[in-house]
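J.: For the sequence shown, my numbering gives the first residue as 74, with consecutive numbering after it.
All C-beta atoms, glycine included, are put in the ideal place defined by N, C-alpha and C.
A quick note: this is a predicted structure, and the numbers were derived from the prediction, not measured.
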Amino acid sequence: MTKSKLFKAVAAAAAAAVILALCIVSSKLRIENNAGQIPVDVKQTDIVIPETSPPETTVPETTVLETAVTSYETIIPKADPIVFYYNEKTKRVHTNRCVYWDSTMTKITGDSVELGRACTACNPQIEIKKKYIPETKPTVKKAKKVGGEVQSANFQATFYTGGAGTYGAYSRRNGASALISGYSVASSYFPAGTLLRVEGHGLDGVYRVDDTGCARNVIDFYYLRGKVPFPFSRDGRYSIKVSRVN
Ligand SMILES: [Zn+2]
């Protein structure tokens, strides 16, 4: 290769390089021009996102309706059959629908009861072979003077329960209020409305005679079902000291 040929080759290569460089710059400018063509006033909030059309498969209403009707028939509650229960403490026979019924009573499996007395509230239709007559002989020790006019005597404390709106013998008769849980008591010894001060076994307080129908040596404490204070609910019976307030 001569010197002049080498020069021409270098010149040609240089010219090619320049053209290539111009091409690159030119294409870059084009890209920038294209980018610059996007309108600057387009904001993100202007972009409309096409709503997805609701899926048409969620409309088979007839199928849903049929299912609902079918399950409706199955959830109609059947009336509980009448079951008879025996209260071991009071010897009273109740039905499972009685306001005096509670789960501590004994379920009666046969069609008769050897010894008991029918509840007057629910009037259970079951044969009672021998009627239980509660003890009527007063076993209350002779009341003793405890200073002034207040007399006290020993009684047996028992409890019974009922739902809200349970009436006692006296309150029902007088059209007065329903039994008050933790305040109303039953007594066959004290007349209706007597206020009694009770001492012993955590039952200390004043109670009112709103009910009757228990043995004369018993004060029967009324509580809302499930509200019998512990340990009274466990022990069932206590010996307490009772005095009249009025
Ligand atoms: Zn009853």
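Quick check on DSSP: helix, strand or coil for K314?
T.: Here residue 314 corresponds to residue number 241 of the sequence shown, with the count starting at 1. Strand at K314.
J.: Can you confirm whether F305, when its beta carbon is compared against all beta carbons of chain B, has any partner nearer than 9 Å?
T.: Here chain B cannot be found, since the structure has a single protein chain.
J.: Tell me which residues share the same chain as I206 and place their Cβ nearer than 6 Å to its Cβ, disregarding the 5 neighbours each side in the sequence.
T.: Mapped onto the sequence shown, residue 206 falls at position 133. So the list is empty, once near-sequence residues are dropped.
J.: To the nearest angstrom, how far is it from the Cα of P302 to the Cα of V291?
T.: Numbered from its first residue, the sequence shown carries residue 302 at position 229. Numbered from its first residue, the sequence shown carries residue 291 at position 218. Rounded to whole angstroms, P302 to V291 spans 18 Å at the Cα level.
J.: Which same chain residues end up closer than 7 Å to Y159 when comparing Cβ atoms and leaving out the 5 residues on each side of it in sequence?
T.: The residue given as residue 159 occupies position 86 in the sequence shown. Answer for Y159: V166, M178, T179, I181, V186 and G189, listed in chain order.
J.: Excluding sequence positions up to five away, which residues of its chain have a Cβ less than 8 Å from the Cβ of K164?
T.: Mapped onto the sequence shown, residue 164 falls at position 91. Closer than 8 Å at the Cβ level, and outside the excluded window around K164, lie L188, G189, R190, Y205 and P207.
J.: Run the CB neighbour count on D283, radius 10 Å, all protein chains shown included, and call it buried at 16 or more, exposed below.
T.: As a first step, residue 283 is located in the sequence shown; it is residue number 210 there, counting from the start. Looking at its Cβ environment, which holds 16 or more other Cβ atoms inside 10 Å, D283 is buried.
J.: What number of angstroms, rounded off, separates the C-alpha of Y256 from the C-alpha of R281?
T.: The count along the sequence shown starts at 1 and reaches residue 256 at position 183. The count along the sequence shown starts at 1 and reaches residue 281 at position 208. Taking the straight line from one Cα to the other gives about 6 Å.
J.: Which value, in whole angstroms, describes the spacing of the CA atoms of R310 and D293?
T.: As a working note, residue 310 is residue 237 in the sequence shown. As a working note, residue 293 is residue 220 in the sequence shown. Going from the Cα of R310 to the Cα of D293 covers about 10 Å.
J.: When the Cα of V35 is compared with those of A230, V172 and D184, which residue comes out closest?
T.: What is shown of the chain runs 74 to 319, which leaves residue 35 out entirely.
J.: What does the alpha-carbon distance come out to for the pair Y173 and Y295?
T.: Mapped onto the sequence shown, residue 173 falls at position 100. Mapped onto the sequence shown, residue 295 falls at position 222. In a straight line, the C-alpha of Y173 is about 10 Å away from that of Y295.
J.: Under a Cβ-count criterion, where at least 16 other Cβ atoms within 10 Å of its own Cβ denotes burial, should S250 be classed as buried or exposed?
T.: The residue you call residue 250 lines up with position 177 of the sequence shown. When all chains shown are included, S250 counts as exposed.
J.: Say the cut is 8 Å; is the CB of A194 nearer than that to a heavy atom of ligand 1?
T.: Position 121 of the sequence shown holds residue 194. Yes.
J.: Cβ of T234 versus every heavy atom of ligand 1: is any distance shorter than 8 Å?
T.: Stepping through the sequence shown from its first residue, residue 234 is reached at position 161. Outside the cutoff, so no.
J.: Which stretch, first to last residue, makes up the alpha helix (DSSP H) that contains D308?
T.: Residue mapping note: residue 308 aligns to position 235 of the sequence shown, counting from 1. Per DSSP, D308 belongs to the alpha helix (DSSP H) from F305 to D308.
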